[in-house]
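S.K.: Structure provided below as structure tokens; questions to follow.
In the working numbering, the protein residues as written are 1 to 371.
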């Protein structure tokens, strides 16, 4: 029999953060997250996400006090205002293979969001759709790429057994130097470039502040019709961008301009998980050295975000950006890429990925149910 308590103390937070090591530490494909980054996601004083949101963390313990599960309940007021729906969220879900523990955790999260007048619960989001999202349901045979989740296969049964159902699947597409097919995309690229007013350029590091604001503007316009999207404030975008600056590769951060106006962007990063896993969650005292040493051998990238303003989305510009960033990655010595995540309902991007020879190698799921 387990009992569930709200996390209200520093020791409780430490136990909450440490639980994945206990539950997934023996899985060779699990990549330990950096504890400092996990704390930033949950820091309600510094993370600007919480200026329009609240979060409550819960920890399940066995009768002897051993932590056996965790969950966070989230009230994202920006989502409520933007979508006009009374949806609460859950995230940071970890659990032993015990349906009773999982149901208890979900019941705690449900009660918390109900107390805020919300009628549906959806997740996992950690803590929003602008962060790590979803439960892995296919593709357990290899580690996740940077900022993508990993979990045991039984999580799907735990969540559905607790009364949740699929809301949306997210795809992770994988392509390698050997499998990429570019003929069709290159014809499209030639056709687009023939217009004369289209230019794709890397970001200019000397103007990074201005470039970040340009990308934020495109991002908020490009994704406005996407399921679950919530626009990011300037503060939120800056907070997220600050974490990327040290690992940004300018040639893998592209802006598309039409007639001199920015109309699209794409961002890829080296798959830092291949280095981070050696730190075991801590950069100090020796984690930094292990990460820096491992980074030299990274030969994979993750295309983690791409957007085209609505008036250019039917032109094929998204496909062009996808092709261009992968071509630049190959030229820089990377030999494989993941495009993630892509909504199963995003026909344009899924067709683009398939046409370049990519295949779905991981599938993630977001669930929902009555609060």
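Note that CB positions come from ideal geometry on N, CA and C, so glycine has one too.
Grouping DSSP H, G and I as helix and E and B as strand, with all else coil, what is residue 372?
M.R.: Any property of residue 372 remains undetermined from this structure, which presents the chain solely from 1 to 371.
S.K.: Answer with yes or no whether the minimum CB distance from residue 20 to chain D is below 8 Å.
M.R.: Protein chain content of the structure displayed is limited to a single chain, and chain D is not contained in it.
S.K.: Apart from the five residues just before and just after residue 251, which ones in its own chain have a Cβ nearer than 7 Å to its Cβ?
M.R.: 202, 328 and 332
S.K.: Report yes if the CB atom of residue 171 is closer than 8 Å to the CB atom of residue 303, and no otherwise.
M.R.: No, the Cβ-Cβ distance between residue 171 and residue 303 is not below 8 Å.
S.K.: Please tell me whether residue 99 and residue 158 are closer than 8 Å, where the distance is taken between their beta carbons.
M.R.: yes
S.K.: Would you call the stretch 304–314 in contact with the stretch 160–169, where contact means no fewer than 3 C-beta pairs closer than 8 Å?
M.R.: Too few Cβ pairs lie closer than 8 Å, so no.
S.K.: In chain order, which alpha helix (DSSP H) runs of at least 4 residues are fully inside the stretch 83–144?
M.R.: Counting only runs of 4 or more, we get 99–114.
S.K.: Taking Cβ positions, are residue 236 and residue 58 nearer each other than 8 Å?
M.R.: no
S.K.: Go to residue 215, then tell me how far its alpha helix (DSSP H) extends in each direction, as first and last residue.
M.R.: 208–222
S.K.: Nearest to residue 145 by CA position, among 97, 182 and 300, is which residue?
M.R.: 300
S.K.: Which same chain residues, not among the five before or five after residue 227, have their C-beta less than 7 Å away from its C-beta?
M.R.: The answer, listed in chain order, is 168, 343 and 345.
S.K.: In terms of alpha-carbon separation, which member of 133, 3, 1 and 82 lies closest to residue 233?
M.R.: Just measuring C-alpha positions, the residue of 133, 3, 1 and 82 sitting nearest residue 233 is 82.
S.K.: Rounded to whole angstroms, how far is the Cβ of residue 121 from the Cβ of residue 89, which I believe are closer than 8 Å?
M.R.: 7 Å
S.K.: What residue range is occupied by the uninterrupted beta strand (DSSP E) comprising residue 227?
M.R.: Neither: residue 227 is in no beta strand (DSSP E) and is coded neither H nor E.
S.K.: Less than 8 Å between the beta carbons of residue 340 and residue 148, yes or no?
M.R.: yes
S.K.: DSSP three-state label for residue 341, please.
M.R.: strand
S.K.: Helix, strand or coil for residue 150, going by three-state DSSP, please let me know.
M.R.: DSSP places residue 150 in coil when its eight states are reduced to three.
S.K.: Do the CB positions of residue 96 and residue 69 come within less than 8 Å of each other?
M.R.: yes
S.K.: Check this for me: beta carbons of residue 30 and residue 150, under 8 Å apart or not?
M.R.: yes
S.K.: Under a three-way DSSP split, which group does residue 254 fall into?
M.R.: strand
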